[in-house]
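J.: Below you'll find the structure I mean.
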Amino acid sequence: MDAKNFLLHCMSLTSVTVSIFERARLLCNILIRSWNVDESMKKKPEKDGSMLLLFALLLGVDAIKILQLADFHLDVDYSVTGDAKQMCHNVSSGAPGKLGKYGDYMCDAPEPLVVFALREAKRLVPDPDLVIWTGDNIPHIDNYDWNYVNNVMNITTTALFNQFPNTTILPTFGNHDYSPANAFDRNSVLYKACWELWKKQIDPSEKDRFLLGGYYKHRLGNTTVLMLNTNLYYRPNKAYDNFTNKEDPADQFAFMQSELETASKCRKQPSPGCSQTVHIVAHIAPGAFERTPNFTWFRDPYNEKFLKLTVDYADVIGMMIFGHHHTDTFHLVKDANGTAVQFVLMSPAVTPWFSSLNGAGANNPAFRLYDANYDGTFNDITTYYVNLTELNASPSNTSFLSEYSFKGAYNIKGLINLSAMVDLVERIKKDRAVLSTYISYNSVLWDPKMPVDIYLGGQLCSMEFADYPRYYSCLAQYNSSALHGFYMVMVVLLAVWLSDLLS
């Protein structure tokens, strides 16, 4: 094989998403064949700079660009003359408003905002290797039917697929993508309807699994992505009482364990084509909501079981990516000894909706780009956002911008990996400047305020502990501090009152 053909052949290999180990094996085989070593092993290969070039080329394509879009919450009834106190809808009892075309911080996203966000995602990330779409398309409203769900799912699917026609898009469900919201069961009509919408993006062999529980797997090079339906584990899920198998609704835990065990065996005894790394993507993550103390997502047994799988198979789990919070945050996952074994990332939302939960609020619209490696580490993470007020005031002069680079903002040297995240948590706990940086990005620069007392505990404890027992134990320290402060104030007030009474 001459140098030119060798170069072309090796370049063709880079178009196939394979692991760094597989590429190294292929490279060695090609080199051996191209050098035509004789039986005495005395003949040396020709000197050719393309060999070194190709070695660098082959080993340099292990990164993958992943675009995440989370929580559209498209509200087709949003009106610029609506009432901001009534989800920006036109209601007879509300006062007509003068709202922005692209939305309002009190309400969910109108169609112009969703379309604009997708166009900006295409402009800023024109050729991602993968798009993960982590659910919640339906707005935070009540009393909508299946026709409403189907209409909104069609609108968002069409808009996204048309914007990225040549990119693999992996969708999953959010807890609002149902009628009524938070009622996910097995064998739902939703799964059948969305299979027809999404089947071009999902391997046909996954159809039965998808129709059973709304989850599936995707082969990503020599790794596997589990696109899970964690809405089944959500504490408010109304279908819980109807579960025939409450220990493992829709057999999803069994599916997870099977895939993780297969990857574990592959690591111990590698074979051609087997997957050694499993990535986990879903809407709702295990753990607690960082802005509202004592507010947890999964039912207790489900959180424990999910995290046990994460801990038991930590060595084969790569990326863990979720949405749902609408905020920008992360969790550490720790084993029984308190050692962090994994980290979980939550991306902020496209919708700016103001949550009425204590300590929560609104956010600026955002999406995220991961410069990721197949082993689950990241070269960087860039979050893009738009200031909603500026967009409404001057749409022709306003664009999505890079809000921050994770490595740059948090001064991370090298890869964003487990050790870097453990170090970051410690710095956030000890350094007020780092904490302030995190708080600013937590709401995507929407009215950032430094939390105090139990709300500070909510942030720090949820970040460090995804399991409930240690989360609550951590939070109790801030509860005690807040109560102590309250009692001290009461004692002082009582002393002043007694002094006035006796004087």
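Read in order, the letters of the sequence shown are residues 83 to 585 in my numbering.
Each residue gets a CB set at the ideal place from its N, CA and C atoms; glycine is no exception.
Predicted model only: the values in this text are computed from it and were never measured.
#1: Can you give me the C-alpha to C-alpha distance between residue 454 and residue 553, rounded to a whole angstrom?
#2: Determine the extent of the beta strand (DSSP E) in which residue 454 is found, giving its start and end residues.
#3: Which same chain residues, not among the five before or five after residue 320, have their C-beta less than 6 Å away from its C-beta?
#4: On the DSSP letters alone, give me the boundaries of the beta strand (DSSP E) that residue 411 sits inside.
#5: Are the region 378-386 and the region 415-432 touching by the rule of at least three beta carbon pairs closer than 8 Å?
#6: Going by C-alpha distance, which of 283, 212, 187, 164 is nearest residue 667?
#7: Residues in its own chain within less than 6 Å of residue 353 by CB, not counting five upstream and five downstream?
#8: Apart from the five residues on each side of it in sequence, which residues of its chain come closer than 6 Å, Cβ to Cβ, to residue 299?
#9: Specify the secondary structure class of residue 154 as computed by DSSP and reduced to three states.
#10: Using a C-beta cutoff of 9 Å, does residue 267 count as contacting chain B?
#11: When the Cα of residue 279 is compared with those of 516, 311, 159, 237, which residue comes out closest?
#12: Who pairs with residue 315 in a beta bridge, going by DSSP?
#13: Decide if residue 228 is buried, meaning its Cβ has at least 16 other Cβ atoms within 10 Å, or exposed.
#14: Round the Cβ separation of residue 297 and residue 337 to the nearest angstrom and send it over; I've been treating them as touching at under 8 Å.
#15: Where are the alpha helix (DSSP H) runs, 4 residues long or more, that stay fully inside the region 354-431, in chain order?
#16: Between which residues of its own chain and residue 248 is the CB-CB distance below 7 Å, once the five residues before and five after are set aside?
#17: Checking 9 Å against the spacing of the C-beta atoms, do residue 275 and residue 232 come in under that value?
#18: When DSSP labels each residue in this structure, what does residue 521 get in the three-state scheme?
#19: Mind checking which residues open and close the alpha helix (DSSP H) that includes residue 489?
#20: Would you call the CB atoms of residue 206 and residue 451 closer than 9 Å?
#21: Report the residue from 460, 476, 369, 399 whose alpha carbon sits nearest the alpha carbon of residue 146.
#22: Is it a yes or a no for the region 324-344 touching the region 521-528, going by three-plus beta-carbon pairs under 8 Å?
#23: Under 9 Å, do residue 399 and residue 427 count as touching if we go by C-beta distance?
#24: Under three-state DSSP, which class holds residue 532?
#25: When you compare the CB positions of residue 536 and residue 375, do they come within less than 9 Å of one another, or not?
#26: Compute the distance between the beta-carbons of residue 218 and residue 171, then report whether it is under 9 Å.
#27: Within 10 Å of its beta-carbon, does residue 135 have 16 or more other beta-carbons around it, so buried, or fewer, so exposed?
#28: Can you give me the start and stop residues for the beta strand (DSSP E) that residue 467 sits inside?
#29: Start and end of the beta strand (DSSP E) containing residue 306?
#30: Sort 272, 203, 250 by Cα distance to residue 235 and report the nearest one.
#31: Among the candidates 350, 148, 441, 491, whose CA atom is the shortest distance from the CA of residue 530?
#32: Is any heavy atom of the ligand FAD found at a distance shorter than 8 Å from the C-beta of residue 335?
#33: I'd like to know whether the C-beta atoms of residue 409 and residue 386 end up nearer to each other than 9 Å.
T.: With the given structure in hand:
#1: For residue 454 and residue 553, the distance between alpha carbons rounds to 29 Å.
#2: Counting along the chain, the beta strand (DSSP E) containing residue 454 begins and ends at 448-455.
#3: Once the five neighbours on either side are set aside, the close Cβ partners of residue 320 are 264, 265.
#4: Where residue 411 is concerned, the enclosing beta strand (DSSP E) stretches over 411-416.
#5: These segments do not touch.
#6: The structure shown does not extend to residue 667, since the chain is modelled only from 83 through 585, so no value can be given for it.
#7: Within the same chain, no residue comes within 6 Å of residue 353 by CB-CB distance, once the 5 residues on both sides are set aside.
#8: Within the same chain, residue 299 has close Cβ partners 306, 308.
#9: In the three-state reduction of the DSSP assignment, residue 154 falls in the coil class.
#10: Of the protein chains in the structure, only one exists, and it is not chain B.
#11: It is 237 whose Cα lies nearest to the Cα of residue 279.
#12: Beta-bridge partners of residue 315 (DSSP): none assigned.
#13: Exposed: under 16 other Cβ atoms inside 10 Å.
#14: Their Cβ separation, rounded to whole angstroms, is 7 Å, which keeps residue 297 and residue 337 in contact under 8 Å.
#15: With a minimum length of 4 residues, the continuous alpha helix (DSSP H) runs that stay inside the region 354-431 are 382-394.
#16: Closer than 7 Å at the Cβ level, and outside the excluded window around residue 248, lies no residue.
#17: Cβ distance < 9 Å, so residue 275 and residue 232 count as in contact.
#18: In the structure shown, residue 521 sits in a helix (DSSP, three-state: H, G or I).
#19: Unbroken alpha helix (DSSP H) run through residue 489: 488-491.
#20: Yes, the pair counts as a contact, with Cβ atoms nearer than the cut-off.
#21: That would be 460, whose Cα lies nearest to the Cα of residue 146.
#22: Contact between the region 324-344 and the region 521-528 is absent: fewer than 3 CB-CB pairs across the two stretches fall below 8 Å.
#23: No, Cβ-Cβ distance for residue 399 and residue 427 is not below 9 Å.
#24: Looking at residue 532 - three-state DSSP - the assignment turns out to be coil, as it is neither helix nor strand.
#25: Yes, these two residues count as a Cβ contact at 9 Å.
#26: For residue 218 and residue 171, no; Cβs fall outside 9 Å.
#27: Confidence at residue 135 is low in this model, with a pLDDT of 39, below 50, so the placement of that residue should be treated as unreliable; the coordinate-derived value is given next. Taking all protein chains in view, the Cβ of residue 135 is surrounded by fewer than 16 other Cβ atoms within 10 Å, so the residue is classified as exposed.
#28: Where residue 467 is concerned, the enclosing beta strand (DSSP E) stretches over 460-467.
#29: Residues 305-309.
#30: Each of 272, 203, 250 was checked against the Cα of residue 235, and the nearest Cα belongs to 272.
#31: For the residues 350, 148, 441, 491, the minimum Cα distance to residue 530 belongs to 441.
#32: In the structure shown, the ligand FAD is absent, as is every other ligand, since no ligand is present at all.
#33: In this structure, residue 409 lies away from residue 386, with their beta-carbon atoms at least 9 Å apart.
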